[in-house]
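Just so we're aligned, residue 34 is where the sequence shown starts under the working numbering, counting upward by one.
Even glycine gets a Cβ: it sits at the ideal position worked out from N, Cα and C.
Because the structure is a prediction, the values reported are computed rather than measured.
The structure appears below as structure tokens.
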Amino acid sequence: TLATPDAATIESVMSTTITTTIKIARNVLEPSNHLLFDIYKPLGRCVAVVDDKVDKYFGAEIDNYFAANNIEFTKLVFSGNEVDKGIEDVERILVAMKKYRVGRHEPLLV
């Protein structure tokens, strides 16, 4: 840590540790599987950011899971192409999340 003699400016090196849980499971989108249910039912909704290719192959199953479990579901579909992974695309995702009032502590399905 460095500081000016009057301590008006302090330069410091900091780091952040993020802890998360990763669960590996089969048949997650079967309506009888409670893995997602247990997370999103108490919240009353699920907001998901979904790659357009994932949506093409699994979109109907994802929709069906939340419908069958009576959980409000908002699916935000974005291109997953490498060319579309710039800061502008991050901004589009953030604007969509703001539109649906996703809280900073709310679990987002991605």
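Within 8 Å, strictly: CB atoms of residue i and residue j
{"i": "P140", "j": "N102", "result": "no"}
{"i": "L142", "j": "A81", "result": "yes"}
{"i": "R125", "j": "F111", "result": "yes"}
{"i": "G113", "j": "D84", "result": "yes"}
{"i": "Y73", "j": "I95", "result": "no"}
Residue i, DSSP secondary structure in three states
{"i": "E121", "result": "helix"}
{"i": "A58", "result": "coil"}
{"i": "I126", "result": "helix"}
{"i": "E44", "result": "strand"}
{"i": "L142", "result": "strand"}
Beta-carbon contacts of residue i that lie in its chain and below 6 Å, excluding the five residues immediately before and after
{"i": "V61", "result": "L68"}
Own chain residues within Cβ distance below 8 Å of residue i, not counting five before or after
{"i": "F91", "result": "L62"}
Proximal residues to residue i (C-beta, below 7 Å), its chain only, five neighbours per side dropped
{"i": "Y133", "result": "V80, T107"}
Completely contained alpha helix (DSSP H) runs for the segment 70 to 110, where each covers 4 or more residues:
85 to 101
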